[in-house]
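Below is one structure, written out as structure tokens; the observations come after it.
Numbering (the working numbering), first residue to last: 1 to 568.
So, in structure tokens, the structure goes:
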């Protein structure tokens with residue numbers, strides 16, 4: 001109940017009332033069969049509906065009316081239930097996704113991408129199935145209570161209608177089968193797209209957040225959630241419509257049968273048939289109750305996992321940047337200490353100057369990605385002393401200054417459908433001319449020139465799929481369109497060959513004169529275009545070397561030839 005809004009609670013109450021009314025109308029319709037097959041027989045309900053002097057035709061009409069009321073109430077309850085289940089799933093997905101987008105990276109440190117993808121997709125589906133199972137158990141309980149009460153009132157010994165109800169249940173299960181199959185396939189397609197939005201979430205979140213696209217990400221995810229809501233609702237509505245059709249046919253058929261039986265002097269079996277119908281209405285619920293309890297058992301741990309992620313804090317800062325410092329200023333990080341790595345990483349005397357490229361190097365697992373996270377303002381260091389325009393700033397001010405940034409990791413893959421959509425995600429106002437220009441800068445112009453669809457070339461189709469290196473170039477084109485103050489490339493050119501990497505990075509440096517470029521790379525050739533190098537040693541001390549300090553830097557990087565070329 002805690003996860004339901006006030007309007008959903010009101011609709012749930014309405015759902016209970018409709019289910020109770022449907023159960024009562026259905027049971028009453030079953031009992032109304034008695035005066036049809038045994039004229040003059042009275043029942044202990046008064047004389048309004050069971051007038052012994054009323055004609056058989058009128059009794060048949062009253063019975064049919066009761067069945068229609070039952071069918072319509074049950075249909076409306078099912079539609080309301082479908083809407084509740086669909087919206088409940090949409091709400092769960094949107095809420096946990098929004099919380100993940102706003103969560104601090106430190107709170108996701110122990111979470112795997114697979115678990116996060118599960119929380120955003122299949123895990124929510126299990127909770128929704130559990131919610132639907134609760135609805136079914138509610139209907140079963142209400143129907144059983146009302147039907148047993150009516151059956152006991154009419155004739156307790158008669159308990160013989162199971163075969164007829166089993167046959168009706170088989171017919172109902174086959175109604176609208178083709179459309180259900182189509183809706184089910186579309187549901188799988190939408191679920192697959194939802195997984196694309198969830199894949200490798202922590203690294204992808206850095207990319208989204210650095211571009212300031214949190215709200216766009218939520219909107220896109222919400223749109224897919226809405227389509228899943230429609231698909232799930234439609235599946236349940238088709239089941240309800242099939243049941244409505246069957247119950248209306250049954251109402252007309254039974255009414256006609258007893259009219260003919262009376263005309264042809266049929267055998268008096270009214271009490272037997274009434275009780276059979278009352279008890280037979282319970283058979284489908286008895287069959288589905290076991291499945292409902294299984295779904296509830298599966299939903300319980302799924303809900304616990306969802307709740308754990310909903311308890312994450314928000315990382316969005318409300319601190320406004322100082323008016324004395326602009327985002328185009330050079331930043332001097334005098335001292336910084338960050339954890340992880342476990343022993344702590346110390347960085348000092350790091351200059352972040354717009355238009356300059358800083359190369360970050362070091363062994364794998366030594367803390368380069370953690371350093372980049374701190375420089376991006378996405379993780380808080382243990383200690384931080386920095387200046388902007390000569391004035392001391394704290395980390396909150398630093399975070400605001402670098403908020404207009406761009407973070408690209410080697411593991412992030414574009415999740416949009418086409419080249420145009422991918423680029424416009426970074427710069428919605430960009431013209432086609434601007435898009436083609438940045439594609440030329442990153443070396444993708446010739447590749448798209450060979451495609452008939454040009455900017456609308458699909459990213460992941462079998463006929464036009466881009467390679468890993470081409471996808472990385474596309475993400476770097478996003479960076480140029482973004483024109484960030486701080487661009488962090490965490491091995492974002494790893495899929496390119498060494499020569500192409502230098503060409504693309506040089507193009508970025510040329511096109512982004514107001515951007516601080518920080519590049520993490522294991523390739524020594526990047527040093528040839530770097531303005532300073534930050535090397536993380538095995539002692540977890542970061543040594544910063546400017547281009548002017550060539551002679552002292554050479555032993556740190558182990559190749560004097562490389563630094564000679566860096567000097568040129």
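All residues carry an ideal CB built from backbone N, CA and C; glycine is no exception.
| query | Taking one C-beta from the region 20-28 and one from the region 67-74 each time, how about it: are there three or more such pairs within less than 8 Å? | reply | yes
| Assuming residue 493 and residue 512 make a contact with CB atoms under 8 Å, what is their CB distance in whole Å? | Sequence index remark: in the chain shown, residue 493 carries index 493 (1-based). Sequence index remark: in the chain shown, residue 512 carries index 512 (1-based). Their Cβ separation, rounded to whole angstroms, is 15 Å, which puts residue 493 and residue 512 out of contact at 8 Å.
| field | Identity of the residues DSSP links to residue 350 by a beta bridge | value | Along the chain shown, read from residue 1 onward, the residue named residue 350 stands at position 350. According to DSSP, which records beta bridges pairwise, residue 350 is partnered with 333.
| message | Below 7 Å, is the gap between the Cβ of residue 75 and the nearest heavy atom of the ligand FAD? | response | Questions concerning the ligand FAD fall outside what the structure shown contains, since it holds no ligand whatsoever.
| query | Straight-line CA distance for residue 108 to residue 9? | reply | Counting from one through the chain shown, the residue named residue 108 turns up at place 108. Counting from one through the chain shown, the residue named residue 9 turns up at place 9. Looking at the two C-alpha atoms, the distance is approximately 32 Å.
| message | In the DSSP assignment, the beta strand (DSSP E) including residue 437 goes from what residue to what residue? | response | Here residue 437 refers to the residue found at position 437 when the chain shown is read from its first residue. Per DSSP, residue 437 belongs to no beta strand (DSSP E); it is in the alpha helix (DSSP H), 432-441.
| DSSP bridge partner residues for residue 418 (one or two, in chain order) | By one-based count along the chain shown, residue 418 stands at place 418. 458, per the DSSP bridge assignment.
| field | Span separating the alpha-carbon of residue 35 from that of residue 65 | value | The residue given as residue 35 occupies position 35 in the chain shown. The residue given as residue 65 occupies position 65 in the chain shown. Cα to Cα, the separation comes out at about 15 Å.
| Rounded straight-line distance, which links the Cα of residue 115 to that of residue 443 | The count along the chain shown starts at 1 and reaches residue 443 at position 443. The count along the chain shown starts at 1 and reaches residue 115 at position 115. Answer to the nearest angstrom: the Cα atoms are 36 Å apart.
| In terms of DSSP beta bridges, what is residue 407 paired with? | For the purposes of this step, residue 407 is taken as residue 407 along the chain shown, with counting starting at 1. Bridge partners of residue 407: 488.
| Alpha-carbon to alpha-carbon, residue 400 and residue 542 | Within the chain shown, numbered from 1, the residue matching residue 542 stands at position 542. Within the chain shown, numbered from 1, the residue matching residue 400 stands at position 400. One C-alpha to the other measures close to 24 Å.
| field | residue 211 in three-state terms, based on DSSP | value | Against the chain shown, residue 211 aligns to sequence position 211. Of the three classes helix, strand and coil, the one that applies to residue 211 here is coil, per DSSP.
| query | Taking C-beta to C-beta, are residue 378 and residue 370 nearer than 8 Å? | reply | Reading the chain shown from its first residue, position 378 is the one you call residue 378. Reading the chain shown from its first residue, position 370 is the one you call residue 370. No, the pair does not count as a contact, with Cβ atoms beyond the cut-off.
| query | In this structure, does DSSP put residue 106 in helix, strand or coil? | reply | Within the chain shown, numbered from 1, the residue matching residue 106 stands at position 106. Residue 106: helix per DSSP, three-state reduction.
| field | Distance between beta carbons of residue 482 and residue 530, contact taken as under 8 Å | value | To locate residue 530, count along the chain shown from 1; it is residue 530. To locate residue 482, count along the chain shown from 1; it is residue 482. That belief does not hold up - the Cβ atoms of residue 530 and residue 482 are roughly 21 Å apart, past 8 Å.
| query | Going by C-alpha distance, which of 539, 544 and 538 is nearest residue 527? | reply | In the chain shown, residue 527 corresponds to position 527, counting from 1. Cα-wise, what sits closest to residue 527 is 544.
| said: Which residue marks the beginning of the beta strand (DSSP E) containing residue 362, and which one marks its end? | reply: To locate residue 362, count along the chain shown from 1; it is residue 362. Run containing residue 362: 357-362, per the beta strand (DSSP E) assignment.
| said: Are the CB atoms of residue 128 and residue 15 within a distance shorter than 8 Å? | reply: Looking up residue 15 in the chain shown gives position 15. Looking up residue 128 in the chain shown gives position 128. No, Cβ-Cβ distance for residue 15 and residue 128 is not below 8 Å.
| request: Say whether the region 331-342 touches the region 379-399, bearing in mind that this needs 3 or more beta-carbon pairs closer than 8 Å, one atom from each stretch. | output: yes
| query | Does DSSP classify residue 121 as helix, strand or coil? | reply | Indexing the chain shown from 1 puts residue 121 at position 121. Three-state DSSP puts residue 121 in coil, outside helix and strand.
| request: Output yes or no for whether 8 Å exceeds the beta carbon distance between residue 417 and residue 458. | output: Position 417 of the chain shown, counted from the first residue, corresponds to residue 417. Position 458 of the chain shown, counted from the first residue, corresponds to residue 458. Contact flag set, yes.
| query | Got a sec? Which residues, its chain only, sit under 7 Å from residue 439 by beta carbon, not counting five neighbours each side? | reply | Counting from 1 along the chain shown, the entry for residue 439 is found at position 439. Result list for residue 439: 445, 448 and 477, in chain order.
| said: Run through the DSSP bridge pairs and tell me what residue 391 is partnered with. | reply: Stepping through the chain shown from its first residue, residue 391 is reached at position 391. DSSP, once it has assigned bridges, lists 388 as partnering residue 391.
| field | Straight-line gap, residue 183 to residue 120 (C-alpha atoms, nearest Å) | value | Indexing the chain shown from 1 puts residue 183 at position 183. Indexing the chain shown from 1 puts residue 120 at position 120. Each residue's Cα considered, the two are about 21 Å apart.
| request: Out of 413, 436, 441 and 424, point me to the one whose CA is closest to residue 467's CA. | output: As a position in the chain shown, residue 467 is number 467, starting the count at 1. Per the Cα distances, 413.
| query | Would a C-beta distance cut-off of 8 Å place residue 234 and residue 190 closer than the cut-off? | reply | Against the chain shown, residue 234 aligns to sequence position 234. Against the chain shown, residue 190 aligns to sequence position 190. No, they are not a contact pair.
| message | Using a Cβ-Cβ cutoff of less than 6 Å, which residues in the same chain neighbour residue 344 once the five nearest sequence positions on both sides are dropped? | response | Counting from one through the chain shown, the residue named residue 344 turns up at place 344. These residues qualify, in order along the chain: 337.
| C-beta atoms of residue 310 and residue 94 nearer than 8 Å | By 1-based counting over the chain shown, the position of residue 310 is 310. By 1-based counting over the chain shown, the position of residue 94 is 94. Their beta carbons are not under 8 Å apart, which means residue 310 does not touch residue 94 by this criterion.
| Thinking C-alpha only, which one of 89, 367, 349 and 31 is nearest residue 538? | Sequence index remark: in the chain shown, residue 538 carries index 538 (1-based). The shortest C-alpha separation from residue 538 is found at 367.
| task | Would you grab the beta carbon distance between residue 353 and residue 488 for me? Rounded to a whole angstrom, and I think it's under 8 Å. | result | Position 353 of the chain shown, counted from the first residue, corresponds to residue 353. Position 488 of the chain shown, counted from the first residue, corresponds to residue 488. Actually they are not in contact, since the Cβ atoms of residue 353 and residue 488 sit about 15 Å apart, beyond 8 Å.
| Out of curiosity, what's the CA-to-CA distance linking residue 469 and residue 496? | Within the chain shown, numbered from 1, the residue matching residue 469 stands at position 469. Within the chain shown, numbered from 1, the residue matching residue 496 stands at position 496. Whole-angstrom Cα-Cα distance: 5 Å.
| Near residue 385, what residues of its chain come up, given a Cβ to Cβ distance below 7 Å and the 5 sequence neighbours on each side ignored? | In the chain shown, residue 385 corresponds to position 385, counting from 1. Closer than 7 Å at the Cβ level, and outside the excluded window around residue 385, lie 334 and 335.
| request: Just mark residue 132 as buried or exposed, buried being the case when its beta carbon has 16 or more other beta carbons within 10 Å. | output: Stepping through the chain shown from its first residue, residue 132 is reached at position 132. Buried is the call here.
| Of the residues 356, 97, 393 and 79, the one placed nearest residue 517, counting alpha carbons only | Working through the chain shown from its first residue, we reach residue 517 at position 517. Residue 517 has its Cα closest to that of 356, out of 356, 97, 393 and 79.
| Nearest-angstrom Cα distance between residue 44 and residue 29? | One-based indexing of the chain shown puts residue 44 at position 44. One-based indexing of the chain shown puts residue 29 at position 29. Residue confidence for residue 44 is low, a pLDDT of 48 falling below 50, so the modelled location carries little weight and cannot support an answer.
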